[in-house]
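J.: Please find one structure pasted underneath; my questions will follow.
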Amino acid sequence: MISMIAIKKQISPLSNDKGTGLVSGQVIYHRPVLVREVLSMLDPTRGGIYLDATVGMAGHAMAILELLDGKGLLICADRDEDALRISTERLRAKNVIFVKSKFSELLLKLDSLGISGLDGALFDLGVSFYQLKSDERGFGFSSEARLDMRMDRSSGITAWDVVNTYPEERLLRIIKEYGEEPMARLIVRAILRQRNRSPINSPKELAEVIEKAAGRRGRLHPATRTFQAIRIEVNNELEEIRNGLSSVFELLNKDGRLVVISYHSLEDRIVKHMMREFVKRGEAELLTKKPLTPSDEEIKENPSSRSAKLRGVKKL
1 MISMIAIKKQ ISPLSNDKGT GLVSGQVIYH RPVLVREVLS MLDPTRGGIY
51 LDATVGMAGH AMAILELLDG KGLLICADRD EDALRISTER LRAKNVIFVK
101 SKFSELLLKL DSLGISGLDG ALFDLGVSFY QLKSDERGFG FSSEARLDMR
151 MDRSSGITAW DVVNTYPEER LLRIIKEYGE EPMARLIVRA ILRQRNRSPI
201 NSPKELAEVI EKAAGRRGRL HPATRTFQAI RIEVNNELEE IRNGLSSVFE
251 LLNKDGRLVV ISYHSLEDRI VKHMMREFVK RGEAELLTKK PLTPSDEEIK
301 ENPSSRSAKL RGVKKL
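Residue numbers for the sequence shown follow the numbering used here, so the first one is 1 and each next one is one higher.
Next comes the structure, spelled out in structure tokens:
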């Protein structure tokens, strides 16, 4: 494994890079999470073939490319067209391929590129910073755009469909299971009362309905867990994670590494259990017994990193 000293030397130009992108006229800033730890665990080497399955604004991809030093190949995938547009603008290297793909389609997309093996893969799960900050995407509490929350805006149901058309018991189930929201029934009843009067059209309207019903509870916005649940439902996130990790692990070469950053308990539980299953089958070894988390310094500089957990396995 490459040393942390070597990593610090090679990514020093990125240490203050927040990552910038323009979305609907807004300049969006983003600092990738756990960069040094990701590079240490992924251990990219010159000439290798690597996958960034969630390229986003290319923060991790830029760091990986520096270590590849113009050799090998980095495949940058994302289901979000905005992410691919931004990352294409930021990454000018010749040894990069961009692919629009959700996790469950990765195996097919990589096969179409003639990729039969990977030396490493990175998954950075959850909603991206620029998606949250782009009003038109409908992820943020204050957005007045139409409820959407799709990571791929070209297909699938929207958050508007979930909020305004799902029957009570189905809506209750997803908010309880995907949001782990203790006040789910109270929130669902408030949503039903409001939508019976008129549709809930924007994230701001939905957040106000939830806040009025549930009240404020400390620093966490009362709509946080419900928004998470609806987003997971819209994007089928948990099943996509299972499909993606399983198929990409199978594609890893011997000693290839699968590295995953998760941000909430549902994601992390899936990652932990799947990695342990790979180990139990004698197909992998854990790269760390416990997940790596951001340092106090990183959390201070980038508060959005505070819930991140990094896990990894090496294929045997």
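Ideal placement from N, C-alpha and C gives every residue a C-beta, glycine not left out.
Assuming the contact rule is C-beta atoms closer than 8 angstroms, I64 and I97 should be a hit. Round their C-beta distance to whole Å, please.
T.: The pair is not a contact, with the Cβ atoms about 13 angstroms apart (cut-off 8 angstroms).
J.: In the stretch 65-120, which residue ranges form an unbroken alpha helix (DSSP H) of at least 4 residues, counting only runs that do not cross its ends?
T.: 81-90, 106-112
J.: Would DSSP call F123 helix, strand or coil?
T.: strand
J.: Just mark K102 as buried or exposed, buried being the case when its beta carbon has 16 or more other beta carbons within 10 Å.
T.: buried
J.: Taking the straight line between their C-alpha atoms, what separation do you get for K290 and M274?
T.: 14 angstroms
J.: Between I49, L106, R197, which lies nearest to G120 when the distance is taken from Cα to Cα?
T.: I49
J.: When the Cα atoms are used, what is the spatial distance from R197 to L266?
T.: 34 angstroms
J.: Go through its chain and collect everything with a Cβ distance to I232's Cβ below 7 angstroms, but skip five positions before and after it.
T.: Y178, L238
J.: Rounded to whole angstroms, what is the Cα-Cα separation between V163 and I191?
T.: Cα-Cα distance, rounded: 7 angstroms.
J.: Count Cβ pairs between the stretch 256-263 and the stretch 308-315 that sit closer than 8 angstroms; are there 3 or more?
T.: yes
J.: Taking 7 angstroms as the limit between beta carbons, can you name the residues of its chain near E37, skipping five residues before and five after?
T.: L292, L310
J.: How far does the alpha helix (DSSP H) with D285 in it extend, from its first residue to its last?
T.: Contrary to the premise, residue 285 reads as Glu rather than Asp in this sequence. E285 -> not in any alpha helix (DSSP H); beta strand (DSSP E) instead, spanning 284-286.
J.: In this structure, does DSSP put Y393 in helix, strand or coil?
T.: The first residue shown for the chain is 1 and the last is 316, placing residue 393 beyond what the model contains.
J.: Could you give the C-beta distance for F141 and T54, rounded to a whole number, given that I count them as a contact under 8 angstroms?
T.: At roughly 23 angstroms, the Cβ-Cβ gap does not stay under 8 angstroms, so F141 and T54 are not in contact.
J.: Along the alpha helix (DSSP H) that carries V188, what are the first and last residues, could you check?
T.: That run of the alpha helix (DSSP H) goes 184-197.
J.: Would you list the one or two residues that DSSP bridges to R257?
T.: G120, K314
J.: Between the Cα of L113 and the Cα atoms of E81, L220, A77, which residue gives the shortest distance?
T.: Answer by Cα proximity: A77.
J.: When the Cα of D111 is compared with those of L251, R92, Q194, which residue comes out closest?
T.: L251
J.: What three-state label does DSSP hand V279 in the structure shown?
T.: helix
J.: Between the stretch 145-154 and the stretch 198-211, are three or more C-beta pairs nearer than 8 angstroms?
T.: yes
J.: Could you please give the first and the last residue of the uninterrupted alpha helix (DSSP H) stretch that includes D161?
T.: 159-165 is the extent of the alpha helix (DSSP H) around D161.
J.: With a threshold of 16 other CB atoms inside 10 Å of the CB of E297, please say whether the residue is buried or exposed.
T.: exposed
J.: Given a threshold of 16 other Cβ atoms within 10 Å of its Cβ, counted over all protein chains shown, does R225 qualify as buried or as exposed?
T.: buried
J.: Bridge partners for L51 per DSSP, in chain order?
T.: L51 is bridged to I75, A121.
J.: State buried or exposed for L287, treating a residue as buried only when at least 16 other CB atoms are found within 10 Å of its CB.
T.: buried
J.: Report the rounded CA-to-CA distance for Q194 versus A229, giving the unit in angstroms.
T.: 19 angstroms
J.: Among all the DSSP beta bridges, which residues are the ones paired with S304?
T.: DSSP, once it has assigned bridges, lists no residue as partnering S304.
J.: Between the Cα of V234 and those of V127, L42, R269, spot the shortest distance and give me the residue it belongs to.
T.: If we check each option's Cα against that of V234, V127 comes out closest.
J.: In the DSSP assignment, what are the bridge partners of S202?
T.: Partner(s): none; S202 has no beta bridge.
J.: Report yes if the C-beta of N201 is less than 7 angstroms from at least one heavy atom of the ligand ATP; otherwise report no.
T.: Summarising the ligand content, the structure contains no ligands, and the ligand ATP is consequently not present.
J.: Work out the CA separation of L172 and S241 for me, nearest whole Å.
T.: The sequence as given places Ile at residue 241; Ser does not occur at that position. Their backbone Cα atoms lie some 23 angstroms apart in a straight line.
J.: Thinking C-alpha only, which one of D82, F227, I86 is nearest T158?
T.: F227
J.: So which of G117, G244, K280, R185 has the shortest CA-CA distance to E105?
T.: G244
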